[in-house]
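So the sequence lines, in the order shown, correspond to chains A and B. Note that the numbering used here has the first sequence beginning at 1, numbered continuously upward. Note that the numbering used here has the second sequence beginning at 330, numbered continuously upward. Below: one structure, written as structure tokens.
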Amino acid sequence: MVAYVIKRLLLLPLLLFIFSVFAFFVIQAPPGDFLTSYIAELAASGTSIDQQQIDALRQLYGLDQPVAIQYVKWVTRVLRGDLGVSLDWQRPNLQLIKDRLILTVSIALLSLLFTWAVAIPIGIYSATHQYSWADYLFTVLNYVGVATPSFMLALVLMWVAFKYFGVSVTGLFSPEYVDAPWSLGRVIDLLKHIWVPVVILGIGGTARLARIMRANLLDELRKPYVEMARAKGLPEWQLVLRYPVRLAINPLISTIGWYLPQIFSGSLVVATVLNLPTIGPMFLRSLITQDMFLAGAIVLIYCCLAIIGTLISDILLAWADPRIRMEES
Amino acid sequence: MGEEPVLVPPGGRAAAEEAAVPLPGVEAKVAEAFYVAPNWKLVWWRFRRHRLALASGAILLLVSVVAAIPGFFATQDPNEAISTELFVPIQAVHLFDGGRLRPYVYGVRGERNPKTLRMEWRIDPSQKIRLRFFGRGYPYSVLGLFQWDRHLLLPEEQSVRVHLLGTDRLGRDQWSRLVYGTQVSLSIGLVAVFLSIFLGILLGGVSGYFGGWVDLVIQRAIEVLQSLPPIPIWMALTAALPRTWSVERVYFAITVILSLIGWTTLAREVRGRFLSLREEDFVVAARLAGCKRRRIIFRHILPTMASHIIAASTLAIPVMIINETFLSFLGLGLRPPAISWGVLLQEAQNLQSIVLAPWLLLPGLAVIITVLCLNVLGDGLRDAADPYH
Numbered sequence: 001m002v003a004y005v006i007k008r009l010l011l012l013p014l015l016l017f018i019f020s021v022f023a024f025f026v027i028q029a030p031p032g033d034f035l036t037s038y039i040a041e042l043a044a045s046g047t048s049i050d051q052q053q054i055d056a057l058r059q060l061y062g063l064d065q066p067v068a069i070q071y072v073k074w075v076t077r078v079l080r081g082d083l084g085v086s087l088d089w090q091r092p093n094l095q096l097i098k099d100r101l102i103l104t105v106s107i108a109l110l111s112l113l114f115t116w117a118v119a120i121p122i123g124i125y126s127a128t129h130q131y132s133w134a135d136y137l138f139t140v141l142n143y144v145g146v147a148t149p150s151f152m153l154a155l156v157l158m159w160v161a162f163k164y165f166g167v168s169v170t171g172l173f174s175p176e177y178v179d180a181p182w183s184l185g186r187v188i189d190l191l192k193h194i195w196v197p198v199v200i201l202g203i204g205g206t207a208r209l210a211r212i213m214r215a216n217l218l219d220e221l222r223k224p225y226v227e228m229a230r231a232k233g234l235p236e237w238q239l240v241l242r243y244p245v246r247l248a249i250n251p252l253i254s255t256i257g258w259y260l261p262q263i264f265s266g267s268l269v270v271a272t273v274l275n276l277p278t279i280g281p282m283f284l285r286s287l288i289t290q291d292m293f294l295a296g297a298i299v300l301i302y303c304c305l306a307i308i309g310t311l312i313s314d315i316l317l318a319w320a321d322p323r324i325r326m327e328e329s
Numbered sequence: 330m331g332e333e334p335v336l337v338p339p340g341g342r343a344a345a346e347e348a349a350v351p352l353p354g355v356e357a358k359v360a361e362a363f364y365v366a367p368n369w370k371l372v373w374w375r376f377r378r379h380r381l382a383l384a385s386g387a388i389l390l391l392v393s394v395v396a397a398i399p400g401f402f403a404t405q406d407p408n409e410a411i412s413t414e415l416f417v418p419i420q421a422v423h424l425f426d427g428g429r430l431r432p433y434v435y436g437v438r439g440e441r442n443p444k445t446l447r448m449e450w451r452i453d454p455s456q457k458i459r460l461r462f463f464g465r466g467y468p469y470s471v472l473g474l475f476q477w478d479r480h481l482l483l484p485e486e487q488s489v490r491v492h493l494l495g496t497d498r499l500g501r502d503q504w505s506r507l508v509y510g511t512q513v514s515l516s517i518g519l520v521a522v523f524l525s526i527f528l529g530i531l532l533g534g535v536s537g538y539f540g541g542w543v544d545l546v547i548q549r550a551i552e553v554l555q556s557l558p559p560i561p562i563w564m565a566l567t568a569a570l571p572r573t574w575s576v577e578r579v580y581f582a583i584t585v586i587l588s589l590i591g592w593t594t595l596a597r598e599v600r601g602r603f604l605s606l607r608e609e610d611f612v613v614a615a616r617l618a619g620c621k622r623r624r625i626i627f628r629h630i631l632p633t634m635a636s637h638i639i640a641a642s643t644l645a646i647p648v649m650i651i652n653e654t655f656l657s658f659l660g661l662g663l664r665p666p667a668i669s670w671g672v673l674l675q676e677a678q679n680l681q682s683i684v685l686a687p688w689l690l691l692p693g694l695a696v697i698i699t700v701l702c703l704n705v706l707g708d709g710l711r712d713a714a715d716p717y718h
């Protein structure tokens, strides 16, 4: 088990290198260097900057040097924990992201939990009651759930809630708590709001997962050991839950690897529609205003979150399924 | 167990296997036909039993016709903005009048709200606007081949305008925009999937056929790409496209960007098939008979996988369509004046517009129906292509 985890960890530096190159590409992509747009922005807001300061900045970022050196300078700064300053917000990027990261990750994790909590019972029910009307209903709902883009769900929900119930489901906090420091009241207020994006994000994944669970369990239920247990007189629910379900859940664990990135993707769009204070809308805005150091930093954060997600799913899988541990070592 | 070759001559391995397990409910007389049926026919027979997939296929055929000649279905130029007709509500088509097929819509009457100074439209049942099939309207080009001016449904009087799905904030006709958007959204899905198939077959095939370190590198690359959240990556890439690019260039750039991640799923599928087929008797036989690698791959392995590739690609199209919708919705995909479902949904991005004009959400319904049908069709094809599941 330990050897397996270490093996996975050894791959990390390589991945981080690739991702940092990509993030740096994002920063470099727009025409002209960022200093030009910075100066333009300052000029637009009426303040001027003298040549000396420009030169100092140029020196700091190595803008007059080859791209490779600029990259090295940027990476060293990132490793020291300096993600640069946002031109748009006029604040350090790290601080901007840190505030929103917790909410982003909590929404993702909660919707992962929601997905599992709903998909597994549905999958079990559908498989044990194959071709019943409930199974057909779930199948139809699953198809519709997969086909509905999450932002459509958000838009429709927003509209229905406003039109028929007169409530607004946007944001994560009531107005009086938006800028308040963390307190018990703020947490309770957050819990009152957070379920909306969590459910919206979870629906598509729930549909997919329930289908996988159903198929896996159906495969297991046809195996002789199930027949054997039934012949021995084990109560049906115990028989299903004890053996086939356990085996059918294993492949689901490996889906976390691709499902977490999907959640982060989806949460970006949903958060934009619902106007949530997560890193998604900030990323969109940074791309539109060409605040590239912030955009690059967020890309890097997304990649890191993805690595952590894959790592966790690999470890969980090895923990749950001894066959994988054996195979790797 | 591998798959049967597609288009094997009658009485081939596939037919023999199929006959050993006759389909339930098929008469003994008909069962004889299995002995002589080529594989594509067997696949078709199995597919035909999947009613839902057949129905989805029919709907998609209709959508494709709309996508091929949107001008015929449009009632007016999709980019024509009429400033006096903002946010006109849906004018539903009534096909029958007094038991006869005489389509009409009710007219609308606008009144300016004295408080908000906004035009408020009301459907006016006293005013019937007759519609005509195949009337002459604005000229459009059919597949870039020739000009035509016939339209499916037009008001009888040329001066009257009808808005079957209402208008948006600039007074553009949403129905006409929706049919043009269908063309762009559907074709972007198709083109992106074709690119993905190409990359997927190439890299997946190379990975599966050669094995060893080539396989290792490609598999790791796929893993890394699949572990990344795709939308932020696509957003970062599309944001880097120069703003000065023409609509066509942006369109192609986006298909390329979408397929940069999309190929991984197909490559996995292809690799898995290659691995299992490589050990199959007919491949071993071909190798022993002295066939070159290229011939084995292109004459023996790829045709055998064709039905699976088609099924997997069908399932990949809806993913592409949804992703394009996401990107355009966020304003980072196609940009106006291009029209796609995502661009149309951009109009419904905030609560105020939806409350004012709920019909702006309708392009979302088009997305859902199309994606739903493609998924059902893809599942049906996959089941038909693989009798062992």
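By construction, the Cβ of each residue, glycine as well, lies at the ideal position given by its N, Cα and C atoms. Note that the coordinates shown come from a computational prediction; the quantities given were computed from them, not determined experimentally.
7 Å CB neighbourhood of alanine 320 (chain A) in its chain, flanking five on each side removed: Sequence-distant partners of alanine 320 (chain A) (beyond 5 residues in either direction) whose C-beta falls short of 7 Å from its own C-beta, in its chain, are Asn250 and Ile253.
9 Å Cβ cutoff, serine 588 (chain B) in contact with chain A: Taking Cβ atoms only, chain A never reaches closer than 9 Å to serine 588 (chain B), which makes this a no.
Alpha-carbon spacing of methionine 634 (chain B) relative to valine 700 (chain B), whole angstroms: Taking the straight line from one Cα to the other gives about 24 Å.
Per-residue burial, arginine 242 (chain A) [other beta carbons within 10 Å of its own, 16 or more giving buried]: Its Cβ having fewer than 16 others within 10 Å, arginine 242 (chain A) is exposed.
7 Å CB neighbourhood of leucine 685 (chain B) in its chain, flanking five on each side removed: The beta carbon of leucine 685 (chain B) sits closer than 7 Å to the beta carbons of Phe416 from its chain, once the five residues preceding and following it are set aside; these are given in chain order.
Closer than 9 Å to chain B by CB, valine 178 (chain A): It does not; no Cβ of chain B falls within 9 Å.
Interface flag, methionine 649 (chain B) vs chain A, CB-CB below 9 Å: The C-beta of methionine 649 (chain B) comes no closer than 9 Å to any C-beta of chain A.
Same chain only: Cβ atoms within 7 Å of alanine 248 (chain A), ignoring 5 sequence neighbours per side: Only Met213, Asn216, Leu217 and Glu220 meet the Cβ criterion.
Within-9 Å CB hit, phenylalanine 162 (chain A) to chain B: Output row for phenylalanine 162 (chain A): interface = yes.
For valine 199 (chain A), the nearest candidate out of A:Ala306, A:Arg246 and A:Leu274 (CA to CA): Comparing Cα positions, the closest option is A:Leu274.
Rounded separation between threonine 170 (chain A) and leucine 276 (chain A) - CA only: When rounded, the distance between both Cα atoms is 7 Å.
Given threonine 654 (chain B) as reference, the closest of B:Ala387, B:Leu515, B:Asp426 and B:Trp369 once Cα atoms are compared: Distance from the Cα of threonine 654 (chain B) is smallest, within the candidate group B:Ala387, B:Leu515, B:Asp426 and B:Trp369, for B:Leu515.
Interface flag, threonine 278 (chain A) vs chain B, CB-CB below 9 Å: For threonine 278 (chain A), the answer is no, since every Cβ of chain B falls outside 9 Å of its Cβ.
Cβ-based contacts, 8 Å cut-off: residues of the segment 116-148 of chain A near chain B: Listed by position along the chain: Tyr143, Val144, Val146, Ala147 and Thr148.
Cβ neighbours of valine 489 (chain B) in the same chain (closer than 6 Å, five flanking residues each side left out): Excluding sequence positions up to five before and after valine 489 (chain B), its CB lies within less than 6 Å of the CB of Ile458, all in the same chain and listed in chain order.
Test: valine 585 (chain B) CB closer than 9 Å to a CB of chain A: Answer no: the Cβ-Cβ gap between valine 585 (chain B) and chain A never drops below 9 Å.
Interface residues of the segment 655-687 of chain B facing chain C [CB-CB below 8 Å]: Given the protein chain composition of this structure (A and B), no chain C is represented.
Beta-bridge pairing of tyrosine 469 (chain B) - partner residues as DSSP gives them: Note: tyrosine 469 (chain B) sits in a beta bridge opposite B:Trp477.
Buried or exposed (CB count within 10 angstroms, at least 16 for buried), tyrosine 131 (chain A): Residue environment: tyrosine 131 (chain A) is assigned as exposed (fewer than 16 neighbouring CB atoms within 10 Å of its CB, all protein chains considered).
First and last residue of the uninterrupted beta strand (DSSP E) at tyrosine 433 (chain B): Counting along the chain, the unbroken beta strand (DSSP E) around tyrosine 433 (chain B) starts and ends at 429-441.
Nearest residue (CA-CA) to serine 412 (chain B), options B:Ile638, B:Arg498 and B:Ser470: Measuring from the Cα of serine 412 (chain B), the nearest candidate turns out to be B:Arg498.
Contact set between the segment 694-712 of chain B and chain A, restricted to residues whose Cβ is under 7 Å from the partner: Listed by position along the chain: Val696, Ile697, Val700, Leu701, Asn704 and Val705.
Three-state secondary structure assigned by DSSP to leucine 12 (chain A): Looking at leucine 12 (chain A) - three-state DSSP - the assignment turns out to be helix.
Reduced DSSP category for arginine 459 (chain B) - H, G, I as helix; E, B as strand; rest coil: The answer is strand: DSSP assigns arginine 459 (chain B) an E or B state.
Buried versus exposed, by CB contacts within 10 Å (16 or more), glycine 529 (chain B): That one is buried.
Separation of leucine 631 (chain B) from aspartate 544 (chain B), as counted between CA atoms: Those two C-alpha atoms are separated by around 18 Å.
Sequence-distant residues of its chain with Cβ nearer than 8 Å to leucine 11 (chain A) (five each side left out): Answer for leucine 11 (chain A): no residue qualifies.
Counted within 10 angstroms of its Cβ, other Cβ atoms place glutamine 675 (chain B) as buried (16 or more) or exposed: Burial call: buried.
Identity of the residues DSSP links to valine 85 (chain A) by a beta bridge: For valine 85 (chain A), which the question treats as bridged, DSSP gives the partners A:Pro92.
Valine 167 (chain A) burial status per 10 Å Cβ neighbour count (16 or more: buried): Exposed, since its Cβ has fewer than 16 Cβ neighbours within 10 Å.
Residue from B:Ile639, B:Ala387 and B:Tyr580 with nearest C-alpha to isoleucine 668 (chain B): If we check each option's Cα against that of isoleucine 668 (chain B), B:Tyr580 comes out closest.
Proximity test, Cβ basis, 9 Å: methionine 330 (chain B) and chain A: For methionine 330 (chain B), the pLDDT reaches just 36, beneath the cut-off of 50, and the residue's location in the model is therefore unreliable, although a value from the coordinates is still provided. Taking a beta-carbon distance threshold of 9 Å, methionine 330 (chain B) does not count as an interface residue toward chain A.
Counterpart residues of methionine 448 (chain B) in DSSP-defined beta bridges: In the DSSP output, where bridge partners are listed per residue, methionine 448 (chain B) has B:Arg441.
Aspartate 307 (chain B): first and last residue of the uninterrupted beta strand (DSSP E) it sits in: As displayed, chain B neither begins before 330 nor continues past 718, which places residue 307 (chain B) out of reach and without an answer.
Straight-line Cα distance separating alanine 362 (chain B) from glutamate 333 (chain B): With a pLDDT of 40 at glutamate 333 (chain B), under the threshold of 50, the predicted position of this residue should be treated as unreliable, though the coordinate-derived value follows. Taking the Cα positions, glutamate 333 (chain B) is about 17 Å away from alanine 362 (chain B).
Exposure label - tyrosine 143 (chain A); buried when at least 16 CB within 10 Å: With 16 or more other Cβ atoms within 10 Å, it is buried.
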